[in-house]
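Chemist:
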Amino acid sequence: MSYNIYRYGRKKTITIGSVILYIILTITVFICLYPFLNVLAYSLSGYNAVLSGKVTFYPIDFNLSAYKQILGRTQIWVSMRTTVLVTLMGTATSLVLTIFASYALSRNYLPGRGFFTGLILFTMYFSGGIIPTFLVVKGLGLFDTLGALFIPQAVNVFNFIVMRTFFRELPKSLEEAAKIDGASEMQVLMRVVLPLSLPIIATISLFYAVGYWNSYFDALLYIQDPDKYTLQLRLRSLLFGEELNVSGRTNLEGIGSEVMSQSLKMATVAVSTIPIIVVYPWLQKYFVKGVMIGSIKG
Amino acid sequence: METARRTRKNRRQLLRSIWNCRLLYLMLIPVLAYYIIFKYIPMYGVTIAFKNYNIFRGVLGSEWCGFDVFRKIFDSENFWRSIRNTLILNFATLLAYFPLTIILSLMLNEVSHAGFKKMSQSILYLPHFVSWVVVAGIATNLFTQQGGTVNLILRSLGADPIPFLSDNKWWIITYVICNVWKEVGWGTIIYLAALSGVDETLYEAAYLDGATKFQRLVHITLPSIKSVIVVMLILHLSKMMTIGLDAPLLLGNDKVMSVSQVISTYVYRLGIENAKFSEATAIGLFQSVVNVIILLAADKFTRMIGEEGII
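Chains as they are written, first to last, in this note's numbering: chain A, 2 to 299; chain B, 49 to 359.
1) When DSSP labels each residue in this structure, what does residue 102(B) get in the three-state scheme?
2) When the cut-off is 8 Å and only beta carbons count, does residue 213(B) lie next to chain A?
3) So which residues on chain A does residue 316(B) lean against when the C-beta distance must stay under 7 Å?
4) Look at residue 230(B) and residue 198(B) and say whether their C-beta atoms are less than 8 Å apart.
5) For residue 308(B) and residue 300(B), what's the separation of their Cα atoms in angstroms?
6) Applying the 10 Å Cβ sphere with the 16-neighbour rule, what's the burial state of residue 51(B)?
7) Kindly identify the DSSP beta-bridge partner or partners of residue 219(B).
8) Provide the residue(s) that pair with residue 111(B) in DSSP beta bridges, ordered along the chain.
9) Is the distance from the Cβ of residue 315(B) to the Cβ of residue 341(B) below 8 Å?
10) With 16 as the cutoff for other CB atoms within 10 Å, does residue 110(A) come out buried or exposed?
11) Since residue 176(A) is in the alpha helix (DSSP H), which residue starts that stretch and which ends it?
12) Which term fits residue 345(B), buried or exposed, when burial requires 16 or more other beta carbons within 10 angstroms of its beta carbon?
13) Going along chain B in order, which residues have a C-beta closer than 8 Å to the C-beta of residue 101(A)?
14) Taking the continuous alpha helix (DSSP H) assigned at residue 142(B), which residues delimit it?
15) Assess, as a yes-or-no matter, whether the stretch 157-170 of chain A is touched by the stretch 220-240 of chain A under the definition of 3 or more beta carbon pairs within less than 8 Å.
16) What separation, rounded to the nearest whole angstrom, lies between the Cα atoms of residue 132(A) and residue 152(A)?
17) Go ahead and pull the three-state DSSP assignment for residue 169(B).
18) Taking C-beta to C-beta, are residue 193(A) and residue 203(A) nearer than 8 Å?
19) Taking residue 201(A) as the reference, give the member of 288(A), 174(A), 124(A) with the closest Cα.
20) Suppose only complete runs of 4+ residues qualify. What are the alpha helix (DSSP H) ranges in the stretch 147-232 of chain A, listed by chain order?
21) Strictly under 8 Å for the Cβ-Cβ distance: is residue 169(A) near chain B by that measure?
22) Whose Cβ in chain B lies nearer than 9 Å to the Cβ of residue 217(A)?
23) Check whether the stretch 93-113 of chain B and the stretch 190-197 of chain B are in contact - that is, three or more C-beta pairs closer than 8 Å.
24) Within the 8 Å Cβ cut-off, does residue 209(B) reach chain A?
25) Note down, in chain order, every chain B residue with its Cβ under 9 Å from the Cβ of residue 108(A).
26) Name, please, each residue of chain B whose Cβ falls closer than 8 Å to the Cβ of residue 266(A).
27) Going along chain A in order, which residues have a C-beta closer than 8 Å to the C-beta of residue 171(B)?
28) Closer than 7 Å by beta-carbon distance: list the chain A residues that pair up with residue 158(B), in chain order.
29) Taking the alpha helix (DSSP H) that residue 26(B) falls in, what are its first and last residues?
30) Just to confirm before moving on: does the CB-CB distance between residue 169(B) and residue 190(B) stay below 8 Å?
31) Mind listing the chain B neighbours of residue 236(A)? Cutoff is C-beta to C-beta under 9 Å, in chain order.
32) For residue 214(A), is the classification buried or exposed, using 16 other Cβ atoms within 10 angstroms of its Cβ as the cut-off for buried?
33) When the Cα atoms are used, what is the spatial distance from residue 239(B) to residue 84(B)?
34) At the 8 Å Cβ level, is residue 153(B) part of the contact set with chain A, yes or no?
35) Does the beta carbon of residue 24(A) fall short of 7 Å from some heavy atom of the ligand SAH?
36) Once DSSP output is grouped into helix, strand and coil, what is the label at residue 244(A)?
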């Protein structure tokens with residue numbers, strides 16, 4: 002075995018160690034990717050091939066009929082519309098609230114910021130729990146409305162911390178210059194701070210949007226009307242039917258719980274995941290930094 | 049006289065700086081309203097754990113009943129089982145997830161081919177962004193005993209099918225596999241960042257002194273990310289009583305209820321499905337209090353061993 006200088010010399014020597022490393026990593030990456038391939042293989046395979054258990058790695062009897070069927074259902078489109086609506090409204094609301102809170106509380110000259118920050122951070126460690134929150138949402142008349150899907154969870158403490166840390170670390174000189182020129186606090190935020198914060202805004206938007214897109218428990222809790230089902234809730238009732246719903250919550254029973262073929266199920270999974278996979282590469286370069294800032298505290 | 053004037057002056061200054069910050073306070077109002085309505089009012093709502101909750105009388109109007117509700121819960125077998133299951137699932141997941149994340153980070157850190165590294169990371173982070181409903185759907189397709197892909201492959205190799213989803217022990221393993229699959233890549237981010245901060249000259253010096261790759265790993269790499277590892281471990285341990293609802297609810301089924309019923313799903317089933325508000329709230333409160341105690345202890349411990357606190 003030969004040694005090259007560890008990350009020092011740029012010369013590449015191939016050692017047994019590095020070959021093993023690359024093989025293990027390739028296998029790991031493949032295992033990570035395989036469930037997605039499995040979804041594609043099932044959703045693109047013919048009915049009989051799936052039924053006879055031939056499909057494992059790649060589609061057999063390639064056809065798009067599962068996708069045609071699933072996209073032909075109005076249910077799916079209605080749920081898709083609901084989810085897109087909630088994701089858009091939710092992300093916008095969350096973003097505005099988080100920006101305001103983190104900007105205000107990142108100013109070290111704001112009297113009382115310690116108290117207000119503490120008020121927010123405390124909710125990370127202690128909460129009233131599911132039932133009291135449920136009663137508040139119900140009491141506000143949000144039950145069975147789309148508002149219940151984003152208003153009660155509008156601000157995420159983790160995202161707030163990330164953004165506040167970012168704002169705090171911005172160079173002060175630009176702001177001061179703007180203030181000397183007579184800019185108001187709002188103008189400083191809009192014209193100086195936000196343009197410098199596009200990466201973090203992208204990251205936080207991604208976190209919020211993915212959260213809303215994927216959230217299913219809030220819909221399970223607060224939504225009764227099948228016409229307002231989000232994509233995830235619809236997906237659950239299509240995938241698992243009544244099987245999961247052991248304790249029998251009446252509103253879930255008998256809705257879209259007909260037996261579906263595996264291909265159809267996997268096509269539904271694919272359709273509901275594709276939007277995330279499409280936006281993911283664009284935002285990937287931003288979110289690592291966001292995670293870093295957030296994981297230091299909290 | 050002098051001090052009185054000074055305090056008056058200070059107060060005037062404070063009032064002026066508050067007035068100067070009026071726009072900032074205006075920005076804070078919606079957020080504070082949000083936290084008060086959706087976090088602090090529910091915190092007051094935990095009082096129904098000490099009340100005989102009556103739907104028609106509401107939170108404020110229901111009668112106090114002291115610790116009756118708690119007595120009832122502590123006597124219930126289901127409650128203790130859900131705590132036991134929460135701890136089992138969390139520890140089992142941590143046992144697999146924690147070392148695997150570190151090993152994966154160390155491996156990724158050794159990769160010198162930038163393209164391969166970036167590609168691997170992209171794929172490894174991806175499952176984090178997939179919803180639990182989708183994960184459960186895929187898991188069912190892969191692990192069902194009859195016709196699940198993994199069992200098809202096992203059968204073609206001549207092995208007996210494995211009841212991944214219907215046998216208690218296998219279900220726990222499946223639960224761990226799904227969690228690890230979803231989060232292991234994402235977990236490497238923090239370690240990779242710590243690894244990229246290691247001083248290059250240390251490796252150089254060790255190399256010149258004739259240290260092997262393994263020796264450099266043990267004597268340079270690991271010690272330099274030790275504090276991150278310790279803090280992450282304490283953070284994870286302090287969350288042992290908390291468990292997400294999605295994974296156990298979606299992966300679980302009737303057959304494995306005795307291991308899949310955890311605190312969060314129990315609270316949900318009791319409170320929302322059976323409308324036992326007081327009892328469900330009491331369990332939630334018990335969990336919150338235990339969490340705070342663990343967290344304070346963990347914070348104290350981290351400070352004791354010379355790291356920055358975690359709160």
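Note that CB positions come from ideal geometry on N, CA and C, so glycine has one too.
Since the structure is predicted, the reported quantities are computational estimates derived from the model, not experimental observations.
Modeler: Looking at the coordinates:
1) In the second sequence, residue 102(B) corresponds to position 54, counting from 1. In this structure, residue 102(B) counts as coil in the three-state DSSP scheme.
2) The residue you call residue 213(B) lines up with position 165 of the second sequence. Judged by the 8 Å Cβ criterion, residue 213(B) is not in contact with chain A.
3) What you label residue 316(B) is simply residue 268 of the second sequence in a count that begins at 1. What residue 316(B) touches in chain A: 131.
4) In the second sequence, the residue the question calls residue 230(B) occupies position 182. In the second sequence, the residue the question calls residue 198(B) occupies position 150. With respect to the 8 Å criterion, residue 230(B) and residue 198(B) are not classified as neighbours on the basis of their beta carbons.
5) Within the second sequence, residue 308(B) is the residue found at index 260, counting from 1. Within the second sequence, residue 300(B) is the residue found at index 252, counting from 1. Computed Cα separation, rounded: 6 Å.
6) Position 3 of the second sequence, counted from the start, is the residue given in the question as residue 51(B). Under this definition residue 51(B) is an exposed residue.
7) In the second sequence, counting from the first residue as 1, residue 219(B) sits at position 171. Assignment of beta-bridge partners to residue 219(B) by DSSP yields no partner.
8) Here residue 111(B) corresponds to residue number 63 of the second sequence, with the count starting at 1. Checking the DSSP bridge columns, you'll see residue 111(B) partnered with 100(B).
9) The sequence position of residue 315(B) within the second sequence is 267, counting from 1. The sequence position of residue 341(B) within the second sequence is 293, counting from 1. In this structure, residue 341(B) does not lie closer than 8 Å to residue 315(B) by Cβ.
10) Position 109 of the first sequence, counted from the first residue, corresponds to residue 110(A). The residue is exposed, with fewer than 16 neighbouring Cβ atoms inside 10 Å.
11) Within the first sequence, the letter at position 175 stands for residue 176(A). Unbroken alpha helix (DSSP H) run through residue 176(A): 173-181.
12) On the second sequence, position 297 is the one that residue 345(B) refers to. Burial call: exposed.
13) Numbered from its first residue, the first sequence carries residue 101(A) at position 100. Chain B residues near residue 101(A): 75, 76, 78, 79.
14) If you number the second sequence from 1, residue 142(B) lands on position 94. 125-158 is the span of the alpha helix (DSSP H), which, as asked, contains residue 142(B).
15) no
16) Numbered from its first residue, the first sequence carries residue 132(A) at position 131. Numbered from its first residue, the first sequence carries residue 152(A) at position 151. Going by the C-alpha atoms only, they are around 17 Å apart.
17) In the second sequence, residue 169(B) corresponds to position 121, counting from 1. Helix, per DSSP.
18) Taking the first residue of the first sequence as 1, we reach residue 193(A) at position 192. Taking the first residue of the first sequence as 1, we reach residue 203(A) at position 202. Cβ distance not < 8 Å, so residue 193(A) and residue 203(A) don't count as in contact.
19) Sequence index remark: in the first sequence, residue 201(A) carries index 200 (1-based). Residue 288(A) is the option with its Cα nearest to residue 201(A).
20) 158-170, 173-181, 199-215, 218-223
21) Within the first sequence, residue 169(A) is the residue found at index 168, counting from 1. With 8 Å as the cut-off, residue 169(A) does not count as an interface residue toward chain B.
22) Numbered from its first residue, the first sequence carries residue 217(A) at position 216. By Cβ distance, chain B contributes 179, 180, 181, 294, 298.
23) no
24) Here the question's residue 209(B) lines up with position 161 in the second sequence. No, because no Cβ of chain A sits closer than 8 Å to the Cβ of residue 209(B).
25) As a working mapping, residue 108(A) is identified with position 107 in the first sequence. Residues of chain B passing the Cβ test: 69, 72.
26) Within the first sequence, residue 266(A) is the residue found at index 265, counting from 1. 185, 189, listed in chain order.
27) By 1-based counting over the second sequence, the position of residue 171(B) is 123. Neighbours of residue 171(B) on chain A, chain order: 30, 33, 34.
28) As a first step, residue 158(B) must be located in the second sequence, where it is residue number 110. In chain order: 22.
29) Residue 26(B) lies beyond the residue range present for chain B, which begins at 49 and ends at 359; the question has no answer from this structure.
30) The count along the second sequence starts at 1 and reaches residue 169(B) at position 121. The count along the second sequence starts at 1 and reaches residue 190(B) at position 142. No, the Cβ-Cβ distance between residue 169(B) and residue 190(B) is not below 8 Å.
31) Translated into positions along the first sequence, residue 236(A) becomes position 235. Ordered by position in chain B, the residues that pass the 9 Å Cβ test against residue 236(A) are 179, 181, 182, 185.
32) Numbered from 1 along the first sequence, position 213 holds the residue referred to as residue 214(A). By the neighbour-count rule (16 or more Cβ atoms within 10 Å), residue 214(A) is buried.
33) As a first step, residue 239(B) must be located in the second sequence, where it is residue number 191. As a first step, residue 84(B) must be located in the second sequence, where it is residue number 36. So the two alpha carbons sit approximately 36 Å from each other.
34) For the purposes of this step, residue 153(B) is identified with residue 105 of the second sequence, where counting begins at 1. No, residue 153(B) does not count as interfacial toward chain A.
35) Because no ligand of any kind appears in the structure shown, any question about the ligand SAH cannot be addressed here.
36) What you label residue 244(A) is simply residue 243 of the first sequence in a count that begins at 1. Low confidence applies here, because residue 244(A) scores a pLDDT of 39, under 50, leaving its location unreliable; read the following figure in that light. Coil.
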